[in-house]
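Some notes on the structure that comes next.
Chains as they are written, first to last, in the UniProt record's numbering: chain A, 1 to 143; chain B, 1 to 125.
Right, dumping it as structure tokens:
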């Protein structure tokens, strides 16, 4: 009888655990941080929804910038990316969105106000964002 | 319950809210940038349809607004109406910020959209 009772308790705990996992999977998580270096401050905001990630990258200011959407295109490994707001002649941020999806397979909406013709800054922002997404456990780094 | 979720030193202020609208669990996140408000409303785990709403700079006393769908459903006038209501409220409260509104909804009924507008205006703006 004791072992049966033990099994019941174990099952109950497992059910509770899996419910908790589901709840935390489905709740929205917001992460903000800033990186200071040289004369530039990069601000990052990551909002994780269940099936999509929204991120904003701010360079020295809190202007919204241009908005892009990118997602993997099944069944091949292609990535589709488009600019939604701004980004016609100045596509800073488009490359970041595209490469993020290429490396992670996530569905991403990215807002970015990094000025154009700043490839070093773009690369740095992209690297920081990737590192944070990995450390938050939103992606497994593809080998 | 609305929660402020940013460090006071971070330049973007955010508030999150989770509530039931017409039987659907709805997450609302409002972020305030220097020149925009971003309002994400989701019941489906993604941003869904994204709209951009702006006040036009005009000569006349009454402001005019431009509302456009930039991603997603372009044939749902209720979504645009929702964005219009919110940009009008933003304008009436004295701000000239534009609005990016994302609506990832299970239904586009009047009841749901009214619920969203009142939750956003009442609790977050």
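We put the CB at the ideal spot given by N, CA and C, even for glycine. All values reported here derive from a predicted model rather than from experimental measurement.
Using CA coordinates, which residue listed in the options is at the minimum distance from residue i?
i, options, result
"residue 78(A)", "99(A), 35(A), 91(A) and 85(A)", "99(A)"
"residue 111(A)", "8(B), 79(B), 20(B) and 37(B)", "37(B)"
"residue 54(A)", "29(A), 76(A) and 36(A)", "29(A)"
"residue 41(A)", "41(B), 62(B), 39(B) and 11(B)", "11(B)"
"residue 123(B)", "39(B), 97(B) and 103(B)", "39(B)"
"residue 86(A)", "67(A), 73(A) and 97(A)", "67(A)"
"residue 47(B)", "44(A), 6(A), 51(A) and 7(A)", "51(A)"
"residue 69(A)", "43(B), 88(B), 49(B) and 99(B)", "49(B)"
"residue 52(B)", "65(A), 73(A), 44(A) and 72(A)", "65(A)"
"residue 70(B)", "35(B), 60(B), 83(B) and 15(B)", "83(B)"
"residue 62(A)", "127(A), 96(A) and 32(A)", "32(A)"
"residue 150(A)", "60(A), 95(A) and 105(A)", "Since the first residue shown for chain A is 1 and the last is 143, residue 150(A) is missing from the structure and cannot be characterised."
"residue 75(A)", "105(A), 56(A) and 58(A)", "105(A)"
"residue 33(B)", "77(B), 95(B), 62(B) and 106(B)", "95(B)"
"residue 103(A)", "71(A), 39(A) and 37(A)", "71(A)"
Would you call residue i buried or exposed, if buried means 16 or more other Cβ atoms sit within 10 Å of its Cβ?
i, result
"residue 64(B)", "exposed"
"residue 92(B)", "exposed"
"residue 58(B)", "exposed"
"residue 21(B)", "buried"
"residue 85(B)", "buried"
"residue 48(A)", "buried"
"residue 136(A)", "exposed"
"residue 143(A)", "Low confidence applies here, because residue 143(A) scores a pLDDT of 37, under 50, leaving its location unreliable; read the following figure in that light. By the neighbour-count rule (16 or more Cβ atoms within 10 Å), residue 143(A) is not buried but exposed."
"residue 58(A)", "buried"
"residue 56(B)", "exposed"
"residue 126(A)", "buried"
"residue 73(A)", "exposed"
"residue 7(A)", "exposed"
Mapping DSSP to helix, strand and coil, what is residue i?
i, result
"residue 78(A)", "strand"
"residue 37(A)", "strand"
"residue 63(B)", "coil"
"residue 89(B)", "helix"
"residue 139(A)", "coil"
"residue 73(A)", "strand"
"residue 7(A)", "helix"
"residue 25(B)", "strand"
"residue 69(B)", "strand"
"residue 111(B)", "helix"
"residue 104(A)", "helix"
"residue 117(B)", "helix"
"residue 34(B)", "coil"
"residue 86(A)", "coil"
"residue 104(B)", "strand"
"residue 45(B)", "coil"
"residue 121(A)", "helix"
"residue 13(B)", "strand"
"residue 55(A)", "strand"
"residue 23(A)", "Unreliable positioning characterises residue 23(A) in this predicted model, as indicated by a pLDDT of 45, which lies under 50. The coordinate reading is nonetheless provided below. Residue 23(A) falls in the helix class under three-state DSSP."
"residue 55(B)", "strand"
"residue 62(A)", "coil"
"residue 19(B)", "strand"
"residue 114(A)", "coil"
"residue 4(B)", "strand"
"residue 48(A)", "strand"
Can you pull the chain E neighbours of residue i, defined as C-beta to C-beta under 7 Å?
i, result
"residue 34(B)", "Of the protein chains in this structure, namely A and B, none is chain E."
Below 8 Å on the Cβ atoms is my contact criterion, and I expect residue i with residue j to pass it. Report the Cβ-Cβ distance as a whole number of Å.
i, j, result
"residue 41(B)", "residue 103(B)", "5 Å"
"residue 44(B)", "residue 67(B)", "That pair is no contact at about 22 Å."
"residue 9(B)", "residue 119(B)", "About 28 Å; that fails the 8 Å criterion."
Worksheet item: Counting pairs of Cβ atoms below 8 Å between the segment 116-134 of chain A and the segment 1-18 of chain B, do you hit three or more?
Response: no
Worksheet item: On the three-pair Cβ rule with 8 Å, is the segment 21-37 of chain B touching the segment 112-121 of chain B?
Response: The segment 21-37 of chain B vs the segment 112-121 of chain B: in contact.
Discussion item. For the pair the segment 80-91 of chain A and the segment 119-132 of chain A, tell me if three or more CB-CB distances fall below 8 Å.
Written reply: no
Discussion item. Using a Cβ distance threshold of 8 Å, determine whether the segment 123-134 of chain A contacts the segment 102-112 of chain B, with at least three qualifying pairs required.
Written reply: With fewer than three CB-CB distances shorter than 8 Å, the segment 123-134 of chain A does not count as touching the segment 102-112 of chain B.
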